[in-house]
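K.L.:
Its first residue numbered 23, the sequence shown is counted upward by one per residue in this note's numbering. Before anything else, here's the structure in question.
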Amino acid sequence: MSLKSFCIYDIFERNAALFADQTALVCKDRRITFGSLLNDTDRLAAALSRQGIVKGDRIAILAHN
23 MSLKSFCIYD IFERNAALFA DQTALVCKDR RITFGSLLND TDRLAAALSR
73 QGIVKGDRIA ILAHN
């Protein structure tokens, strides 16, 4: 996979296939597996799509640091 031929979702999808039950993220006492991360990503994409967001649109994310 060359750097120009993939997006971040491709990495999430690959890691979920290879390491589904392994920890991807840790925040305080919460651990998220690669499989859960992909599932959450899919759910967020579906929610944005239902709101009318399409490929090429730009969105902002405001998150607690």
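Cβ coordinates follow ideal geometry from the N, Cα and C atoms, glycine included. Keep in mind that this is a model prediction, so the values were computed, not measured.
Can you give me the Cβ contacts of Ile75 inside the same chain, cut-off strictly under 7 angstroms, excluding the 5 residues immediately before and after it?
P.N.:
Walking along the sequence shown from the start, residue 75 turns up at place 53. So the qualifying residues of the chain are Ile81.
K.L.:
Identify every run of the beta strand (DSSP E) within the region 24–76, keeping only runs that are complete inside it and at least 3 residues long; order them along the chain.
P.N.:
Fully enclosed beta strand (DSSP E) runs of 3 or longer: 45–49 and 52–55.
K.L.:
Would you mind giving the Cβ-Cβ distance between Leu47 and Leu59, rounded to the nearest angstrom? I have them listed as a contact below 8 angstroms.
P.N.:
Counting from one through the sequence shown, the residue named residue 47 turns up at place 25. Counting from one through the sequence shown, the residue named residue 59 turns up at place 37. The pair is a contact, with the Cβ atoms about 7 angstroms apart (cut-off 8 angstroms).
K.L.:
Ordered along the chain, which non-local residues of its own chain (more than five positions away) have a Cβ less than 7 angstroms from that of Asn56?
P.N.:
Looking up residue 56 in the sequence shown gives position 34. Position check: residue 56 holds Phe in this sequence, whereas Asn was assumed. Answer for Phe56: Asn37, Ala38, Phe41, Ala42, Gln44 and Ala46, listed in chain order.
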